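Heads up, the sequence shown is in our numbering, so the first residue is 3 and it goes up one at a time. Worksheet: the structure to be examined is printed underneath.
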Amino acid sequence: MNETKGNDRELSDYNNKRHISTDYNKPYKPPKKIKWIQFYRKANPVEWFLLGVTFLLAIANVWIVIYAASQADSAANTFHLANESMILQNRKDSLNTVAQVIRDSINIQGFKLENRAYIVSTEAIMETFEIGKKITVEMKFENVGKTPAYKCNITSHLKVISMQDSNWFPKIQPIQQRSHLTIGNEVIIGSKMSGDSAIDSNFYNLIIENKTYYIMAYGVINYYDIFNEPHFTQYCFFYKPTVGFAGFHKYNDSN
3 MNETKGNDRE LSDYNNKRHI STDYNKPYKP PKKIKWIQFY RKANPVEWFL
53 LGVTFLLAIA NVWIVIYAAS QADSAANTFH LANESMILQN RKDSLNTVAQ
103 VIRDSINIQG FKLENRAYIV STEAIMETFE IGKKITVEMK FENVGKTPAY
153 KCNITSHLKV ISMQDSNWFP KIQPIQQRSH LTIGNEVIIG SKMSGDSAID
203 SNFYNLIIEN KTYYIMAYGV INYYDIFNEP HFTQYCFFYK PTVGFAGFHK
253 YNDSN
């Protein structure tokens, strides 16, 4: 008897684990089906329509996100290109400004060169060359520029050199004091200079008869133009009794 009850209990536990009803008086109930299958069977056309709309909206949202991302990239590229274009334009404007400054500077410099004073040494004249007298030479200068020259100062020297020293040129002593001489345009002025002592016969014969020595007349004239810029003219002449004074051009210079 007890053995039979034990077997019934084991069979009941087994059936409970397998979810098999042992109550034969109750009707059989099938397991519940998945909800989407129930929706599929019970859904009406309106519900299907709403489901389709929801699906389309989801796809539309995805495309909106993709489009927004592409537009953001395009906007970033556009901003980058605009920024580079602005940088290039700024560089171009800077170069144009520099070029304009250079053109203006060239124009100003050209105007100054065209309208400044130019003083040149035109000739040297031997006024006195006799035994017993000092050598006297007159230098001629002319302002060939369009405007006057101001604060002009002329320094002149005489020297005797040999033919072998033709490449020699003395260092002109710096001017200690400046005069306030003004030379107008197209004005010629003269400046005389004399030797330190009277000419003796030996010196005279050395120049006239031997013809192996020059009498050099040289110097510099310093001046300012109307633009208050300094200038100089360096000049040099040599004297031969047969021809008089001639320009020693390789020693002539100016700025």
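Don't be surprised by glycine CBs; every beta carbon is placed ideally from N, CA and C. Keep in mind that this is a model prediction, so the values were computed, not measured.
- request: Return the residue from the list I104, S203 and Y225 that minimises the CA-CA distance to I185.
  value: The sequence position of residue 185 within the sequence shown is 183, counting from 1. Per the Cα distances, Y225.
- prompt: DSSP puts E144 in a beta bridge; with which residues?
  reply: Residue 144 sits at position 142 when you count from the first residue of the sequence shown. In DSSP, E144 forms a bridge with V122 and I190.
message: Can you find the residues in the same chain that come closer than 8 Å, C-beta to C-beta, to K114, ignoring five residues on each side of it along the sequence?
response: Locating residue 114 in the sequence shown gives position 112, counting from the first residue. Excluding residues within five positions, the ones whose Cβ falls inside 8 Å are D227, F229 and E231.
- request: Compute the distance between the beta-carbons of I163 and Y241, then report whether it is under 8 Å.
  value: Start at 1 with the first residue of the sequence shown, and residue 163 comes out as number 161. Start at 1 with the first residue of the sequence shown, and residue 241 comes out as number 239. It is not a contact, given that the beta carbons lie outside the stated cut-off.
- prompt: Which residues in the same chain as Y220 place their Cβ atom closer than 6 Å to its Cβ, once the five residues preceding and following it in sequence are excluded?
  reply: Within the sequence shown, numbered from 1, the residue matching residue 220 stands at position 218. The residues are H159 and C238.
Buried versus exposed, by CB contacts within 10 Å (16 or more), G147: Looking up residue 147 in the sequence shown gives position 145. Buried, since its Cβ has 16 or more Cβ neighbours within 10 Å.
field: Bridge partner(s) assigned by DSSP for D255
entry: Here residue 255 is taken as the residue at index 253 of the sequence shown, counted from 1. Answer is Q236, bridged to D255.
- request: Output yes or no for whether 8 Å exceeds the beta carbon distance between I201 and G134.
  value: Within the sequence shown, the letter at position 199 stands for residue 201. Within the sequence shown, the letter at position 132 stands for residue 134. Cβ distance < 8 Å, so I201 and G134 count as in contact.
task: Provide the residue span of the alpha helix (DSSP H) that contains N207, from first to last.
output: Position 205 of the sequence shown holds residue 207. Looking at the DSSP string, the run of the alpha helix (DSSP H) that includes N207 is S203 to I210.
query: For the putative contact between M128 and G246, defined by C-beta atoms under 8 Å, what is the C-beta separation to the nearest angstrom?
result: Counted from its first residue, the sequence shown places residue 128 at position 126. Counted from its first residue, the sequence shown places residue 246 at position 244. That pair is a contact at about 6 Å.
- prompt: Can you tell me whether DSSP reads I228 as helix, strand or coil?
  reply: In the sequence shown, counting from the first residue as 1, residue 228 sits at position 226. In the structure shown, I228 sits in coil (DSSP, three-state: anything other than H, G, I, E or B).
- request: Provide the residue span of the beta strand (DSSP E) that contains I163, from first to last.
  value: The residue labelled residue 163 in the question sits at position 161 within the sequence shown. First-last of the beta strand (DSSP E) with I163: A151 to S164.
message: Quick check on A119: buried or exposed, where buried means 16 or more other Cβ atoms within 10 Å of its Cβ?
response: Along the sequence shown, one-based indexing puts residue 119 at 117. Counting every other CB atom within 10 Å of its CB across the protein chains shown gives A119 a total of 16 or more, marking it as buried.
field: 6 Å CB neighbourhood of S123 in its chain, flanking five on each side removed
entry: By 1-based counting over the sequence shown, the position of residue 123 is 121. F143 and Y237.
message: Taking only three categories from DSSP, how would you classify F250?
response: Locating residue 250 in the sequence shown gives position 248, where the first residue counts as 1. Three-state result, F250: coil.
task: Assign A126 to buried or exposed, taking buried as 16 or more other Cβ atoms, counted over all protein chains shown, within 10 Å of its Cβ.
output: Position 124 of the sequence shown holds residue 126. In summary, A126 is buried, with 16 or more beta-carbon neighbours lying within 10 Å of its beta-carbon over all protein chains present.
- prompt: Quick one: what's got a C-beta closer than 6 Å to L90's C-beta in the same chain, skipping five residues either side?
  reply: Against the sequence shown, residue 90 aligns to sequence position 88. The answer is none, since no qualifying residue turns up.
task: Reducing DSSP to helix, strand and coil, say where E86 ends up.
output: Translated into the one-based positions of the sequence shown, residue 86 becomes position 84. Here E86 sits in helix by DSSP.
message: Quick check on DSSP: helix, strand or coil for T56?
response: Along the sequence shown, one-based indexing puts residue 56 at 54. Helix at T56.
field: Beta-carbon separation (whole angstroms), A151 vs I121, contact threshold 8 Å
entry: The sequence position of residue 151 within the sequence shown is 149, counting from 1. The sequence position of residue 121 within the sequence shown is 119, counting from 1. With 8 Å as the limit, A151 and I121 qualify as a contact, their Cβ atoms being about 6 Å apart.
message: Does Q178 come out as helix, strand or coil in the three-state DSSP assignment?
response: Numbered from 1 along the sequence shown, position 176 holds the residue referred to as residue 178. Low confidence applies here, because Q178 scores a pLDDT of 45, under 50, leaving its location unreliable and the question unanswered by this model.
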